[in-house]
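Residue numbers (my numbering): 5 to 267.
In structure tokens form, the structure reads like this:
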């Protein structure tokens, strides 16, 4: 069922992406041939950001937040073109700070009367219930230092800050990373898993560095604008890629960069 949904999402995103390219090409043709005097804002970077946001939303079934941020930022700067007397551009950064302050206030962080330190996965909860394992009520239960993480599911929220994390799990199940006006460094050199795992990420005006073994297969499905995703790994031992270890990166990156290294 889930595979069918993923196929439908990719097919829908391909159609939307094709329509966007056709529309952009047609607009450029009309402008260059002089048939119609199109508005200049159609060919500005905020409009590009909006189109990429629409495509990203369709591709990920509107489950990520990156598409909202791209459309919001693009729309914000387009307002000055429609209403030049308002001059909203100087208010951008103050509004961003206020928005994240409101997000911190209204965002739920507790579940069942205790702090939510991240979703550990359905399989882990069932295993705890059947085998009598203790609950992870506090981060010290599954970390051996401030930067080490033995849990099977990774969760990082870096907003106007920097986060360093070392993953020690031998049954890694994936995770989610959000870097908004911040950065994160994730060391997965000591982690292990079998099959395919997915890390969903939203990087906005920030940076993310991933250290992963050179023999892992890393597949990038990152959408974005004004961004880069660079795989800089070195395989000094000449080890072949392990087909049983596939790390899939999904999400969006806007005005940011993602570096993948093994050193």
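A virtual CB, placed ideally from N, CA and C, is assigned to each residue, including glycine.
Since the structure is predicted, the reported quantities are computational estimates derived from the model, not experimental observations.
### Task
List the DSSP bridge partners of residue 200.
Start at 1 with the first residue of the chain shown, and residue 200 comes out as number 196. 250.
### Task
Between the Cα of residue 168 and those of 211, 175, 225, spot the shortest distance and give me the residue it belongs to.
Taking the chain shown and counting its residues from 1, the one referred to as residue 168 is at position 164. Selected option, being the one with the closest Cα: 211.
### Query
Are there 16 or more other CB atoms within 10 angstroms of the CB of residue 182, so buried, or fewer, so exposed?
On the chain shown, position 178 is the one that residue 182 refers to. Burial call: buried.
### Task
Answer yes or no: do residue 153 and residue 177 have a C-beta to C-beta separation smaller than 7 Å?
The residue labelled residue 153 in the question sits at position 149 within the chain shown. The residue labelled residue 177 in the question sits at position 173 within the chain shown. Result no, Cβ atoms of residue 153 and residue 177 do not sit closer than 7 Å.
### Query
Exposed or buried, residue 207, counting other C-beta atoms within 10 Å across all chains shown (16 or more means buried)?
Counting from 1 along the chain shown, the entry for residue 207 is found at position 203. That one is buried.
### Message
Can you tell me whether residue 223 is buried or exposed? The criterion is at least 16 other CB atoms within 10 Å of its CB, across all chains shown.
### Response
For the purposes of this step, residue 223 is taken as residue 219 along the chain shown, with counting starting at 1. Exposed, by the Cβ-count rule.
### Those residues which DSSP pairs with residue 214 across a bridge
Numbered from 1 along the chain shown, position 210 holds the residue referred to as residue 214. 190, 264.
#### Entry: Residue(s) in a DSSP beta bridge with residue 256
By 1-based counting over the chain shown, the position of residue 256 is 252. BP columns for residue 256 point to 206, 227.
### Task
Starting from residue 181, follow its DSSP beta bridges and name the residues at the other end.
Numbered from 1 along the chain shown, position 177 holds the residue referred to as residue 181. BP columns for residue 181 point to 160, 205.
### Task
Confirm, please, whether the CB-CB distance from residue 266 to residue 60 is below 7 Å.
As a first step, residue 60 must be located in the chain shown, where it is residue number 56. As a first step, residue 266 must be located in the chain shown, where it is residue number 262. It is not a contact, given that the beta carbons lie outside the stated cut-off.
### Query
Can you give the beta carbon distance from residue 250 to residue 221, rounded, assuming they're within the 8 Å contact cut?
Working through the chain shown from its first residue, we reach residue 250 at position 246. Working through the chain shown from its first residue, we reach residue 221 at position 217. Beta-carbon to beta-carbon, residue 250 and residue 221 are separated by about 5 Å, close enough to satisfy the 8 Å threshold.
### Message
Quick check on the DSSP output: what are the complete alpha helix (DSSP H) runs of length 4 or more inside the stretch 30-116, in order along the chain?
### Response
List check, alpha helix (DSSP H) in window: 49-63, 70-86, 96-110.
### Task
Under 6 Å Cβ to Cβ from residue 190, same chain only, skipping five residues before and after it: list those, please.
Counting from one through the chain shown, the residue named residue 190 turns up at place 186. When the five nearest sequence neighbours on each side are left out, the beta carbons in the same chain lying within less than 6 Å of the beta carbon of residue 190 are those of 169, 214, in order along the chain.
### Task
Rounded to whole angstroms, what's the CA-CA distance from residue 246 to residue 202? Just pull it up for me.
As a first step, residue 246 is located in the chain shown; it is residue number 242 there, counting from the start. As a first step, residue 202 is located in the chain shown; it is residue number 198 there, counting from the start. When rounded, the distance between both Cα atoms is 16 Å.
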